[in-house]
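In this note's numbering, the protein residues as written are 623 to 794. Built from N, CA and C at the ideal position, the CB exists for glycine as well. Small disclaimer: the values here were computed from a predicted structure and weren't measured. Accompanying notes for the structure given below.
Below, the structure is given as structure tokens:
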């Protein structure tokens, strides 16, 4: 079995759930990342931005749009020391404006993924993977980017069986 790292960015607090805003203590993407680690083992790493996004959901979406428009790379509190020991990197995020949050691209820019397999997964309320798989391939041309898993955020809590089966299929 390959050496696995599951990296994720997740939003706690106000989130969108099928037409309404609800506050959650654990982010949807974090929950899915934990299911992946439980299923396939390896290390788990949370991406956290230095500057926190607005607690208000709508303000946060405006901040995310501005970052996307400017192709920003928000500073992260920390990064893994190295990814050299990992063959497979599960990469999780909420779908923000059709792709991964720009903080995820800060992580991708920090390392050489040549020869590694990146397995993306995202949470959303109906927008699926958006262009994130294509965007990751563009950002990491030497990596093998597998087909991703899209989980509705409102279903994240009940997605363990589906997530575990998918994760197991993506580890050699």
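Note to self: Judging by CA-CA distance, which residue of 776, 769, 657 and 714 is the nearest neighbour of residue 727?
What the structure shows: 714
Check: Helix, strand or coil: which one does DSSP assign to residue 790?
Finding: helix
Check: Got a sec? Which residues, its chain only, sit under 6 Å from residue 694 by beta carbon, not counting five neighbours each side?
Finding: 724
Notebook entry, point to check: Which residues in the same chain as residue 646 place their Cβ atom closer than 6 Å to its Cβ, once the five residues preceding and following it in sequence are excluded?
Noted result: 637
Margin query: Suppose contacts are defined by Cβ-Cβ distances below 8 Å. Is residue 702 in contact with residue 667 by that definition?
Written below: yes
Notebook entry, point to check: Touching or not, the segment 686-693 and the segment 738-750, by the rule of three or more beta carbon pairs under 8 Å?
Noted result: no
Next item on the list: Would you mind listing the beta strand (DSSP E) stretches within the segment 706-782 that are 3+ residues and don't spill past its ends, in chain order?
Entry: 710-716, 739-746 and 771-774
Check: Starting from residue 795 and walking both ways along the beta strand (DSSP E), at which residues does that stretch end?
Finding: A query on residue 795 cannot be resolved here, the shown segment of the chain reaching from 623 to 794 and no further.
Next item on the list: Please determine, among 732, 757, 704 and 653, the residue with the shortest C-alpha to C-alpha distance to residue 718.
Entry: 757
Notebook entry, point to check: Which of the three DSSP states, helix, strand or coil, is assigned to residue 650?
Noted result: helix
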